[in-house]
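Taking our numbering, I'd label the letters of the sequence shown as residues 2 to 361. Just so it is clear, CB atoms sit at the ideal spot from N, CA and C, and this is done for glycine as well. Step one of this worksheet: look at the structure below.
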Amino acid sequence: MHVALLANTAWLDEELPLFQHMVVGLIDEQTRVAQVVPEGRLNQEASVFGEIVYWQDAGYAWRRRRSLYRLDEVLDGLGVNIIHALDGRLWRAAAELGRRNDVPVVYSSFSRLDLPLATRLARKLDPTRSAFTAASEPLAQGLRAALPPGFEVTRFDTGIHRLPLPDRTPGDIDTVSVSIAGTGQLDDQTKPFMAGAAAMVRQHPQTHLFFDGQGADQRHLWREAQRLGLLSHATFVPRRLGHRELLLRAELLVHPQAAGRVRGLTLEAMAHGVPILARVDPHVDDLIDGQTAKVLVDPDAEAWCAAMGDLVASASRRAALASSAHAWVQNHRLASTSVAEALHVYRTLTGATLTFAPSA
Numbered sequence: 002m003h004v005a006l007l008a009n010t011a012w013l014d015e016e017l018p019l020f021q022h023m024v025v026g027l028i029d030e031q032t033r034v035a036q037v038v039p040e041g042r043l044n045q046e047a048s049v050f051g052e053i054v055y056w057q058d059a060g061y062a063w064r065r066r067r068s069l070y071r072l073d074e075v076l077d078g079l080g081v082n083i084i085h086a087l088d089g090r091l092w093r094a095a096a097e098l099g100r101r102n103d104v105p106v107v108y109s110s111f112s113r114l115d116l117p118l119a120t121r122l123a124r125k126l127d128p129t130r131s132a133f134t135a136a137s138e139p140l141a142q143g144l145r146a147a148l149p150p151g152f153e154v155t156r157f158d159t160g161i162h163r164l165p166l167p168d169r170t171p172g173d174i175d176t177v178s179v180s181i182a183g184t185g186q187l188d189d190q191t192k193p194f195m196a197g198a199a200a201m202v203r204q205h206p207q208t209h210l211f212f213d214g215q216g217a218d219q220r221h222l223w224r225e226a227q228r229l230g231l232l233s234h235a236t237f238v239p240r241r242l243g244h245r246e247l248l249l250r251a252e253l254l255v256h257p258q259a260a261g262r263v264r265g266l267t268l269e270a271m272a273h274g275v276p277i278l279a280r281v282d283p284h285v286d287d288l289i290d291g292q293t294a295k296v297l298v299d300p301d302a303e304a305w306c307a308a309m310g311d312l313v314a315s316a317s318r319r320a321a322l323a324s325s326a327h328a329w330v331q332n333h334r335l336a337s338t339s340v341a342e343a344l345h346v347y348r349t350l351t352g353a354t355l356t357f358a359p360s361a
């Protein structure tokens, strides 16, 4: 079996560890892998163990598709017999590549924004040559509702490697760092969070907030922070190589918005012993109140202030939540499971048989 993993810049920014785990894991299972990745930014992150095919990512969808369409002969020459599109923004191009090369295609969903796209795309697809995967059960249910009968929908969990629970015993520095992992937009969900954060910082001035906006322009958040007097306690993190490692060094990770997207950052935080505070998200099922995170339902500024203040003020409460989440992610979200789930889908579509080691 030879699979082409199609990834774009936006997805790799979020899920690079998952991509790397998949490449190595699939190769370990004697599956050939072609890494189809954007040229330039990710050259050094692509695994040296698999074939690498570069394409030109672009801001316009039609330019991205045109760049990918040019790969049909390249993939055919490599002997690729299945294509896996890892982001909804690649689905249309993957469908065309599958048609041109006469190979089945797997379409993976990590976001609620993929659901209407699945309905439109399915009209042009052969259910026997297509499979959809979802990174959460709510997304899987949404895909089943959006697709006509006959299409296969399978769970495809984001996985991490086993890690020991880090020792986060407070040192001599009194500052408590908090990573804010939102969209970077100042919307109706972010506004009460910002007000709550400003009130919390006045009560706990040892707090410093690091805002990660998923690469978006955060100027409106910056202006809101300025208006609320938060700038002396805030840093806006640019989307650069290594920015995720900075976020995972914090004492607390906050998801202020229900973005409808399953994020590898959430599971990495659990694995690294970073406690999580989040708004409830109906499309995400790894945020379990009291077990993997402290989850708030439609919080106002007062609720944000109280919840953040409670965790900022108590290292023991942060440690207890981090320990519980760490145990859960080690039992339910391993990279080996992601590889096994992908292989199951590939073999179902291609009819490939399991590979066994020869007997001695």
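| Check | Outcome |
| --- | --- |
| Own chain partners of VAL202 with C-beta closer than 7 Å, once the 5 adjacent residues on each side are dropped | THR208, LEU231, HIS234 |
| N- and C-terminal bounds of the alpha helix (DSSP H) containing PRO193 | 191 to 204 |
| Exposed unless 16 or more other CB atoms sit within 10 angstroms - verdict on SER339 | buried |
| Span of the alpha helix (DSSP H), counted from its first residue to its last, around VAL330 | 316 to 333 |
| Per DSSP, cross-strand counterpart(s) of HIS256 | ALA279 |
| DSSP beta-bridge partners of GLU30 | None; GLU30 has no bridge partner. |
| C-alpha distance - THR286 paired with GLU153, whole-angstrom precision | Reading the sequence as shown, one finds Asp at residue 286 and not Thr. Those two C-alpha atoms are separated by around 21 Å. |
| Separation of GLY197 from ALA308, as counted between CA atoms | 9 Å |
| Segment contact flag, the stretch 86 to 94 with the stretch 102 to 116, C-beta cutoff 8 Å, min 3 pairs | yes |
| Of the residues GLY291, GLU269, VAL263, the one placed nearest ASP282, counting alpha carbons only | VAL263 |
| Supposed close pair GLU136, ASP158 - CB separation, criterion 8 Å | Residue identity differs from the one stated: residue 136 is Ala in this sequence, not Glu. ALA136 to ASP158, Cβ: 7 Å. Contact. |
| Collapsed DSSP secondary structure at ALA358 in the structure displayed | For ALA358, the predicted structure reports a pLDDT of 47, less than 50, and the residue's modelled location is therefore unreliable. The matter cannot be settled from this model. |
| Whole-angstrom C-beta distance between LEU249 and GLU225, which should lie under 8 Å | No, GLU225 and LEU249 are not in contact; Cβ-Cβ is about 25 Å, not under 8 Å. |
| Assigned secondary structure, LEU6 (DSSP; H/G/I helix, E/B strand, else coil) | strand |
| The stretch 175 to 187 touching the stretch 213 to 223, judged by at least three CB pairs closer than 8 Å | yes |
| Beta bridge counterpart(s) of GLU153 as assigned by DSSP | ALA132 |
| Neighbourhood of PRO139 by C-beta distance below 8 Å, restricted to the same chain and skipping five residues each side | PRO283, HIS284, VAL285, ASP286 |
| Unbroken beta strand (DSSP E) run spanning SER178, endpoints | 177 to 182 |
| Residues that THR236 bridges to, as DSSP identifies them | PHE211 |
| The stretch 320 to 332 touching the stretch 15 to 28, judged by at least three CB pairs closer than 8 Å | no |
| Reduced DSSP category for GLU15 - H, G, I as helix; E, B as strand; rest coil | helix |
| HIS22 and GLY143 closer than 8 Å at C-beta | no |
| Whole-angstrom C-beta distance between VAL34 and VAL4, which should lie under 8 Å | 6 Å |
| Spatial distance of ASP173 from HIS205 (CA atoms) | Here the model assigns ASP173 a pLDDT of 49, short of 50, so the residue's position is not dependable, and the following value carries that caveat. Their Cα atoms are separated by approximately 17 Å. |
| Opening and closing residue of the alpha helix (DSSP H) in which ALA141 lies | 138 to 147 |
| Delimiting residues of the beta strand (DSSP E) encompassing HIS85 | 83 to 86 |
| ASP127 to GLN31 span [Cα, whole Å] | 28 Å |
| Where GLN219 sits in the DSSP three-state scheme | coil |
| Cα-Cα separation, ARG121 to GLN227 | 43 Å |
| 6 Å Cβ shell around ALA86 - same chain, five flanking residues per side excluded | LEU7, TRP92, ALA95, TYR108 |
| THR176 versus ALA314, ILE289, GLU342, ALA323, residue with shortest Cα-Cα distance | ALA314 |
| Own chain partners of ALA343 with C-beta closer than 6 Å, once the 5 adjacent residues on each side are dropped | none |
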